[in-house]
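Chains as they are written, first to last, in this note's numbering: chain A, 4 to 324; chain B, 5 to 263. Glycine included, every Cβ here is placed at the ideal spot set by N, Cα and C. Predicted, not measured: the structure shown is a model, and the values here were computed from it. Everything on this sheet refers to the single structure shown next.
Below is the structure:
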């Protein structure tokens, strides 16, 4: 019978990605409800020493495939390795980070294992019988759907990075580490990696940013705002008046004559919220507004509204984060 | 070289609004478009056609009205268009959809299959890789550049923090990012020419597919429930000093796992 929750623990250059630790955290919560174990899949080359980290973050068992064929991510070898392990151990559920690796690998695997896959989940729940309830946004975030996969195993899901909570690591936790050897079908290895080049993040497009620190007339000094954006992994955008004042480039302008954005978090610092601005950002998932004018229209769309001096709040946030 | 481009007709999700009273999606009057990533995939195909003489077919699965999307693709320069439409296909999830589309590609034959990375209505990015698996051909996803060099495709494959340059022999499947290719406009000659062309229907009887593997029955995943986005908009605002304000912001965002 299909059993246990398997987590694909993505690593890049031997470094476990934080989404993998987040998945171990949610898997542990799920496994507690369904009375199962959390099984980590650690694939790569020269990565076996990372198994203890996965145990500390919630894995009960770590299956390690340490093989030179897995040194760089290429779909087919990774698919073959996980397919062999899945066929041997019959997982009840399998979780992947919804990254450019997880979203390449998981659908390929789901078709090979002839089972269902739910993309980019933001919430996972399970019942005592091990049925997984996978909730995900659809229609550009306008709708949430809860998906089940009742008759096929494993129940597969990719999970949005940054949503699930990782456990506090406990390096005294005990876990079993199992090393696996894969019977490769190398006739299928037909994609050749000519080169792999790491990229420094170039100028981020504000319409693709997950977090925006947006500034308006109430912000006089953009360096502090830039610091905050960097610390939070986001980017700086602005209302029209700062663009017209030449303080910010036009490609960072939010609003009707600028860009339409819908980040997970939108900070509106010192922005009053003219209708043209609101049109460009009101679909953001979570809006924090800070403005000295408590009748400012921005507060009508804000999830968290604070009447205060924006510049001073930015400064305090930089101290706190 | 024969290229098949898989496209999807989607509602323009940026124009979908929530009815503030009923809290449901207002879909009436929302225009349908070719999914942006798919349109970029078509542009890749048309550039390959210009550079090395490829034959470009477009395939979509959907109701009769999806013909509009295929006609637009023809007017951009595609050679033939096929509409996969049958009641037996309805209710398919990504796995069942990929099974149907793969069966059509098998029937038509292709050296290169191009898809968009993902559709803006479903956002799954799953159908492309699943088609590749059914066809037993290699896949390259997240492509930002595709060239045909010495009988193979050379593809720039994007990751969050890096890129790979991959060389893959045909047959293969590539999924394309819309940010990398700006689709051409329809041209007058092709708009006129597409009028003379047939959009060929492909139904259940035209493909070799197990009825157990398609439609609702062939879909491992089921939608259990749906809900519209909850707006927990703050009516009251807090009047606070900068220090307390900063603390409240950080605590709230952490609690919601947003930072």
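Within the region 139-173 of chain B, 142, 143, 144, 145, 146, 158, 162, 163, 164, 165, 166, 167, 168, 169, 170, 171, 172, 173 place their CB atoms closer than 8 Å to a CB of chain A, listed in sequence order. Take residue 150/A, set aside five residues on each side of it, and the residues of its chain with a beta-carbon closer than 6 Å to its own are 121, 137, in chain order. Of the candidates 88/B, 241/B, 81/B, the residue whose Cα lies closest to the Cα of residue 206/B is 88/B. Looking from the CA of residue 9/B, the closest CA among 56/B, 220/B, 77/B, 149/B belongs to 77/B. Of all C-beta pairs linking the region 309-324 of chain A to the region 42-54 of chain B, fewer than three are shorter than 8 Å, placing the two stretches out of contact.
For the 8 Å CB-CB criterion, residue 75/A and residue 199/A form a contact. Of all residues in the region 124-137 of chain B, the ones placed with a Cβ closer than 9 Å to any Cβ belonging to chain A are 124, 125, 126, 127, 128, 129, 130, 131, 132, 133, 134, 135, 136, 137, in chain order.
The three-state secondary structure of residue 174/A, taken from DSSP, is coil.
By the C-beta density criterion, residue 174/A is exposed, having fewer than 16 other C-beta atoms within 10 angstroms.
Interface annotation for the region 122-155 of chain A against chain B: 122, 123, 136, 137, 138, 139, 140, 141, 142, 143, 144, 145, 146, 147, 148, 149, 150, 151, 152, 153, 154, 155, criterion Cβ-Cβ distance under 9 Å. Looking at the backbone, the Cα of residue 126/B and that of residue 245/B are separated by about 43 Å.
The alpha-carbon of residue 84/B is positioned some 8 Å away from that of residue 201/B. Look at the region 85-113 of chain B: the residues with a C-beta under 8 Å from a C-beta of chain A are 97, 98, 99, 102. At a cut-off of 8 Å between beta carbons, residue 107/A contacts chain B. Residue 319/A carries a helical assignment under DSSP once its states are collapsed to helix, strand and coil. In the three-state reduction of the DSSP assignment, residue 198/A falls in the strand class, which pools E and B.
DSSP places residue 67/A inside the beta strand (DSSP E), whose first and last residues are 64-69. Not flagged as an interface residue toward chain B: residue 87/A, since no C-beta distance is shorter than 8 Å. The beta carbon of residue 93/A lies closer than 6 Å to those of 5 in the same chain, with the five residues before and after it left out. Under a criterion of Cβ atoms nearer than 9 Å, no residue of chain B is adjacent to residue 21/A; the nearest Cβ is some 12 Å distant.
One Cα belongs to residue 192/A, the other to residue 145/B, and the distance between them is close to 16 Å.
The three-state reading of DSSP puts residue 217/A in strand, counting E and B together.
In the three-state scheme derived from DSSP, where H, G and I count as helix and E and B as strand, residue 181/B is classed as coil. The three-state reading of DSSP puts residue 78/A in helix, counting H, G and I together. Bounds of any beta strand (DSSP E) do not take in residue 278/A; it lies within the alpha helix (DSSP H) bounded by 278-284. In the DSSP annotation of this structure, the continuous segment of the alpha helix (DSSP H) that includes residue 45/B starts and ends at 40-56. With contacts defined by Cβ atoms closer than 8 Å, residue 222/A and residue 127/A do not form a contacting pair.
For residue 187/B, no chain A residue has a Cβ inside 9 Å of its Cβ, as the nearest lies near 18 Å away. When Cβ pairs closer than 8 Å are counted between the two stretches, the region 88-104 of chain B is seen not to touch the region 45-62 of chain B, the count staying below three.
Between the region 256-263 of chain A and the region 233-247 of chain A there are three or more inter-stretch CB-CB distances shorter than 8 Å, so the stretches are counted as touching.
Within chain A, no C-beta atom comes less than 9 Å from the C-beta of residue 33/B; the nearest is roughly 15 Å away.
The beta carbon of residue 135/A lies closer than 6 Å to those of 96, 129, 158 in the same chain, with the five residues before and after it left out.
Comparing alpha carbon positions, the residue from 56/B, 69/B, 74/B, 90/B closest to residue 209/B is 90/B.
Within a 10 Å sphere around the beta-carbon of residue 119/B sit 16 or more other beta-carbons, which makes this residue buried.
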